[in-house]
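Some notes on the structure that comes next.
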Amino acid sequence: MKKTLALIIAVAALTSVSGQAQDSKATLDAAAKALGATNLRTLEYSGSGYDYVFGQAYHGTTPWPRFNVPAYTMTIDFAANAARDDKRRVQLENPALGGGFQPIFGEMRQIWVASGQYAWDVAGGNAVAPRFRDDRRAVAAGRLEQITLTPQGFIKAAIANNATVRTENVRGKTTTLVAFTVPGARYEGTLGEGNVVERIEGWFGSPVMGDTTIEAIFTDYRDVNGIKFPGHIVQRQGGYPLLDVSVTDVKVNPAITIDVPENIRNAKPEPLIGTPERLAEGVWWVPTYAKSVAVEFRDHIAIIEAPEHEPQSVAVMEAIRKAIPNKPIRYVINTHSHFDHIGGLRAYAAEGATIVTHRDNVPYYQQLWAGSWTLSPDRLAKSGRAPVFEGVLGSRTMTDGSRSMILYHYPGNMHNPGMLMVYLPKEKILIEADSFSTPAAPLTAPPNGLANMRHWYDFVQSLKLDVDVLVPIHGAITTMDAPKNIVERFSPNGTR
Ligand SMILES: [Zn+2]
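Residue numbering for the sequence shown is 4 to 499, as defined by the working numbering.
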């Protein structure tokens with residue numbers, strides 16, 4: 004009897020599921036029809052507004068820094084799974100608080116492209132591979148999420164991924180919710196009046212924030228050449244705005260091609276890091292886009308900076324353990340709270356290293372890491388270990404009796420209020436991030452961020468530090484002459 008009842012319930016459940024699936028399909032087809040998504044092969048929309056640089060906030064309680072975007076164009080080839088995002092970015096905030104190369108002189112043009120497994124940037128008319136070439140599939144996948152964050156792209160993806168559709172009463176209004184998952188992400192969208200997509204929420208794994216959302220909000224829908232498209236698009240990530248664009252032009256099925264350039268197609272994946280190089284006795288640096296430095300003490304190793312993400316930290320740890328065998332990595336020193344400088348910290352915490360950072364960053368990192376880490380669980384999430392922090396205020400000397408390393412806070416920098424730099428007095432080595440990044444070629448115009456470079460440079464002068472070797476986290480290892488020449492040429496009287 005029990006068995007029969009279970010069977011009846013199972014059959015009833017199956018019937019209702021298949022009935023629901025039919026309803027889901029009917030709703031998605033109606034939305035596709037309403038939006039004009041069904042026969043939409045290519046799309047280009049442009050406008051102007053603001054964009055915000057994710058992960059580059061001034062500090063832990065401020066939004067991502069905002070910029071004027073006088074021109075923005077997004078081009079999508081749905082069938083080819085390709086997109087091109089072209090932005091012109093102009094300084095807006097004054098004072099220029101936070102990262103994103105502020106203060107920007109003139110205009111920054113930023114073009115990113117992705118097609119299938121390939122991603123590249125366009126700079127000065129040339130296609131340039133993203134920094135992490137062996138990670139380019141992930142870069143491409145991240146960029147192509149933007150297609151799913153458009154109304155038509157969302158509905159196409161919902162149909163392709165057998166989305167479930169349900170209705171819910173939200174604030175007294177019957178609302179249709181469309182949900183589906185793809186590898187590494189899940190999406191939920193809201194259909195509004197006339198079956199148009201009002202809002203999309205995408206969940207992704209972030210190396211800094213764990214499971215995090217991107218929201219896209221669409222308003223002011225208009226009929227344009229047979230499709231419906233919003234006149235206003237807002238995106239938010241990590242609780243703060245990311246993009247705010249008023250759409251002024253929409254091209255439906257334009258004749259566009261996004262071809263993968265030969266140099267990108269043929270680019271050989273590069274290893275994440277190069278071979279560690281010795282700077283002085285017991286001091287090593289690891290070549291990569293954003294470097295780490297290792298300092299050997301009597302019974303342990305301290306690492307300065309854990310940039311980007313876990314894979315880079317894992318590679319750095321492995322390389323440093325070969326260069327400095329049989330000593331544990333006990334400390335990792337963090338220069339500031341921008342995400343490209345903290346994405347690799349958790350990998351060290353998973354190994355039991357103490358994270359040393361400005362005191363004000365400690366509650367920020369604890370809050371960033373307090374969420375769930377289910378979409379791409381990292382080593383720390385899997386270890387169940389509680390990260391250990393040590394906050395620095397002013398300066399802090401770390402010594403084993405023979406070697407000393409001094410951490411200096413340089414307050415008042417517009418890039419970030421908790422900037423730390425690291426000085427090795429005996430070796431006369433200074434390590435800093437983002438205040439000075441060695442330019443790839445001689446400068447012909449003032450560099451972006453000049454005011455912050457000048458502020459840091461003056462601080463180093465005021466400490467009367469004797470520096471033989473300057474190690475910027477970004478750019479070639481150099482001497483203090485490099486920033487000196489730039490500030491004397493472009494900011495001779497301390498003008499910023
Ligand atoms: Zn920064």
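No residue lacks a Cβ here, since even glycine has one placed at the ideal position from N, Cα and C.
Asked                                                                                                   : Found
Helix, strand or coil at Val181 according to DSSP, with G and I counted as helix                        : strand
Reduced DSSP secondary structure (H/G/I, E/B, other) of Asn451                                          : coil
Between the CA atoms of Glu171 and Met111 - distance to the nearest angstrom                            : 44 angstroms
Residues that DSSP places opposite Thr167 in a beta bridge                                              : Ala182
Enclosing beta strand (DSSP E) for Arg202 [first to last residue]                                       : 200-209
Ala99: CB within 8 angstroms of a non-hydrogen atom of ligand 1                                         : no
Continuous beta strand (DSSP E) assignments of at least 3 residues falling wholly in the region 442-488 : 472-475
Start-to-end residues for the beta strand (DSSP E) that takes in Gln120                                 : Note, Gln120: premise wrong, no beta strand (DSSP E); not H, not E.
Option nearest Asp54 by Cα separation, candidates Glu491, Lys487, Gln238                                : Gln238
6 angstroms CB neighbourhood of Asn455 in its chain, flanking five on each side removed                 : Asn416, Met417, His418, Ser438
The region 356-364 in contact with the region 382-402 per 3-pair CB rule at 8 angstroms                 : yes
Residue range of the unbroken beta strand (DSSP E) whose run includes Pro233                            : 230-240
DSSP beta-bridge partners of Tyr55                                                                      : Arg69
Whole-angstrom distance between Phe300 and Thr402, CA atom to CA atom                                   : 8 angstroms
Beta-carbon separation (whole angstroms), Ala219 vs Phe207, contact threshold 8 angstroms               : Ala219 to Phe207, Cβ: 13 angstroms. No contact.
Ordered list of beta strand (DSSP E) runs contained in the region 338-402, each at least 3 residues     : 357-361, 391-395, 398-402
Contact shell at 5 angstroms, judged by CB to any heavy atom of ligand 3, ordered along the chain       : Ligands in the displayed structure: ligand 1; ligand 3 is not one of them.
Ile259 in three-state terms, based on DSSP                                                              : coil
Helix, strand or coil at Arg225 according to DSSP, with G and I counted as helix                        : strand
Simplified DSSP assignment, three categories, for Ile267                                                : helix
Cα-Cα separation, Thr1 to Ser249                                                                        : What the structure shows of the chain is the stretch from 4 to 499, and residue 1 is not part of that stretch, so it cannot be assessed.
Check whether Thr178 and Thr193 have beta carbons under 9 angstroms apart                               : yes
Backbone secondary structure at Arg324 - three-state DSSP                                               : helix
Within 9 angstroms, strictly: CB atoms of Val181 and Glu191                                             : yes
Gly213 - partner residues in DSSP beta bridges                                                          : Ser209
Inter-residue Cα distance where the pair is Gly285 and Ser407                                           : 12 angstroms
Where Lys176 falls: helix, strand or coil (DSSP)                                                        : strand
Thr78 beta carbon less than 9 angstroms from that of Arg87                                              : yes
Ile476 beta carbon less than 9 angstroms from that of Glu1                                              : Residue numbering for the chain in the displayed model covers 4 to 499; residue 1 lies beyond these limits and cannot be assessed.
Straight-line Cα distance separating Val168 from Thr30                                                  : 8 angstroms
Reference Asp26, options Phe81, Asn165, Asn451, closest by Cα                                           : Asn165
Cβ-based burial, Val211 [other Cβ within 10 Å; buried from 16]                                          : buried
Opening and closing residue of the alpha helix (DSSP H) in which Ala145 lies                            : Per the sequence shown, residue 145 should be read as Gly rather than Ala. Segment 139-151, the alpha helix (DSSP H) holding Gly145.
Closest residue to Glu96 among Ala373, Thr251, Phe108 (Cα-Cα distance)                                  : Phe108
Local Cβ density within 10 Å of Glu491, reported as buried at 16 or more and exposed below that         : exposed
DSSP beta-bridge partners of Met111                                                                     : Arg92
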